[in-house]
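Under our numbering, the first residue of the sequence shown carries the number 16, and numbering increases by one thereafter. Ideal placement from N, C-alpha and C gives every residue a C-beta, glycine not left out. Here is the structure we will look at.
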Amino acid sequence: MERKKRLLDGFSVYELIIIALTASLGLATKPIIVPLTHLITGPLFIPGGSVAGGFYMMWLVLGASLVKKKGTATLIGITQGIIVMITGSFGTHGVLSILTYGLPGIAIDLVFLVFRRNFQTPADFFLAGVLANISGTYLSNLVFFRLPLLPLIISLSTGALSGGLGGLLAYLIYKRVKTIIE
16 MERKKRLLDG
26 FSVYELIIIA
36 LTASLGLATK
46 PIIVPLTHLI
56 TGPLFIPGGS
66 VAGGFYMMWL
76 VLGASLVKKK
86 GTATLIGITQ
96 GIIVMITGSF
106 GTHGVLSILT
116 YGLPGIAIDL
126 VFLVFRRNFQ
136 TPADFFLAGV
146 LANISGTYLS
156 NLVFFRLPLL
166 PLIISLSTGA
176 LSGGLGGLLA
186 YLIYKRVKTI
196 IE
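If you want it as C-alpha cells, here you go:
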C-alpha cells in the first residue's frame, strides 16, 4: 500500500531543527525588539511594529536561506503562529496568529518560486525581507489597525526599509554560518 507523502517528509531532521530554531529565535527576539523600536518610533508617530518587524522577519529569511527548500519560510511562519497561539505569548492574535505569522513566509516562498532560484545575493535577502515585512505589516493593518491611507503608506514604507535591513542582516549571518559549517 502506497504511503501518502506528508508535508514534512521533504525535510531532513537537521533541516527541521533549523526551521524550529529560526522560528523560536524570531519569537524570542520580538519582545526585546518591539519595545526598543517603540522608544524611537513612538515620538515620531510611526507604527513601531512595522519597524520592528524587519528585524524579527530576518529569522524567516535566514531559515529559508539555510534550508534552501520550497515552503521553508512558510513552515517557519506557521510554526511561529502555532507556538504563539498555544502559549498565548507576545504578539498573539488567537487563531489569526497562524495567518499573520504565516503570510510573511508565504511571501518569501512565492517570490523565489516565481524567480525559480534561491537566495544568492544580498539583493535577494533584501527583497525577501522587504516582502516579508510588507506582507506582515499590511495584513496586521487589514485585520487589526485599519489605518487611513497616508499612515498606511508611511507604515508600509518604514516596514519595507526595516524588512530590507533585516534581510541584509540575515545575509551577513548566513555568510558567517556558511563559513563555519563548511
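For this session: Can you give me the Cβ contacts of residue 184 inside the same chain, cut-off strictly under 6 Å, excluding the 5 residues immediately before and after it?
Result: 73
Exercise. Just checking my contact of residue 70 with residue 151 at CB under 8 Å: how many whole Å lie between their CB atoms?
Worked result: At roughly 12 Å, the Cβ-Cβ gap does not stay under 8 Å, so residue 70 and residue 151 are not in contact.
Problem set entry | Neighbour-count burial assignment, residue 160, 16 or more Cβ in a 10 Å radius | The residue in question, residue 160, is exposed, as its Cβ has fewer than 16 Cβ neighbours within 10 Å.
For this session: Tell me where the alpha helix (DSSP H) around residue 134 begins and ends.
Result: Run containing residue 134: none; DSSP gives neither H nor E here.
Exercise. Are residue 32 and residue 75 touching if we call contact CB-CB under 8 Å?
Worked result: no
Exercise. Any idea if residue 16 is buried or exposed, counting beta-carbon neighbours within 10 angstroms, 16 or more meaning buried?
Worked result: Confidence at residue 16 is low in this model, with a pLDDT of 46, below 50, so the placement of that residue should be treated as unreliable; the coordinate-derived value is given next. Under this definition residue 16 is an exposed residue.
Exercise. Under the rule that 16 or more other beta-carbon atoms within 10 Å means buried, what is residue 42, buried or exposed?
Worked result: Buried, because 16 or more other Cβ atoms sit within 10 Å of the Cβ of residue 42.
Exercise. Among residues of its own chain, excluding the 5 on either side of residue 141, which ones have a beta-carbon nearer than 6 Å to its beta-carbon?
Worked result: 179, 182, 183
Problem set entry | Close beta carbons around residue 65, own chain, < 6 Å, minus the five adjacent residues each side | Closer than 6 Å at the Cβ level, and outside the excluded window around residue 65, lie 152, 170, 173, 174.
For this session: Figure out for me which residue from 62, 81, 155, 176 has the closest Cα to the Cα of residue 187.
Result: 81
Exercise. Going by Cα to Cα distance, which pick from 51, 195, 131, 89 is closest to residue 119?
Worked result: When the alpha-carbon of residue 119 is set against those of 51, 195, 131, 89, the nearest one is in 89.
Exercise. How should residue 116 be labelled, buried or exposed, when 16 other C-beta atoms within 10 angstroms of its C-beta is the threshold for buried?
Worked result: buried
For this session: Evaluate residue 163 with the Cβ neighbour count: other Cβ atoms within 10 Å of its Cβ, from every protein chain shown; 16 or more gives buried, anything less gives exposed.
Result: exposed
Exercise. What do you get for residue 139, buried or exposed, if any count of 16 or more other CB atoms within 10 angstroms of its CB means buried?
Worked result: buried
Exercise. Mind checking whether residue 143 and residue 126 have CB atoms under 8 Å apart?
Worked result: In contact: residue 143 and residue 126 (Cβ atoms closer than 8 Å).
Exercise. How big is the Cα-Cα spacing for residue 67 and residue 154?
Worked result: 15 Å
Exercise. Where do the ends of the alpha helix (DSSP H) carrying residue 27 lie?
Worked result: From DSSP, residue 27 is part of no alpha helix (DSSP H); its letter is neither H nor E.
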